[in-house]
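To start, the structure under review is shown below, and the notes come after it.
Below, the structure is given as structure tokens:
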């Protein structure tokens with residue numbers, strides 16, 4: 003089960019509000035697992 007942080011960060015990633023550095027920083031802060039970050043980064047962003 004994914005965390006609320008995962009769903010929120012995924013949405014702002016898709017909307018291009020954050021970059022890869024931000025997503026990886028959430029792993030450092032223990033808000034995401036590395037696997038969740040990898041899934042987010044593999045998701046295409048809107049044009």
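Numbering (the working numbering), first residue to last: 3 to 49.
C-beta: ideal position from N, C-alpha, C; glycine also.
What does the alpha-carbon distance come out to for the pair residue 48 and residue 19? If you number the chain shown from 1, residue 48 lands on position 46. If you number the chain shown from 1, residue 19 lands on position 17. Distance between the alpha carbons of residue 48 and residue 19 is about 10 Å.
Assuming residue 47 is part of the alpha helix (DSSP H), what are its boundary residues?
In the chain shown, counting from the first residue as 1, residue 47 sits at position 45. Per DSSP, residue 47 belongs to no alpha helix (DSSP H) and is neither H nor E.
- Starting from residue 29, trace the alpha helix (DSSP H) both ways and give me its first and last residue. Here residue 29 corresponds to residue number 27 of the chain shown, with the count starting at 1. Here the alpha helix (DSSP H) through residue 29 covers 22-30.
Q.
Less than 9 Å between the beta carbons of residue 43 and residue 7, yes or no?
A. In the chain shown, the residue the question calls residue 43 occupies position 41. In the chain shown, the residue the question calls residue 7 occupies position 5. No. Outside cutoff.
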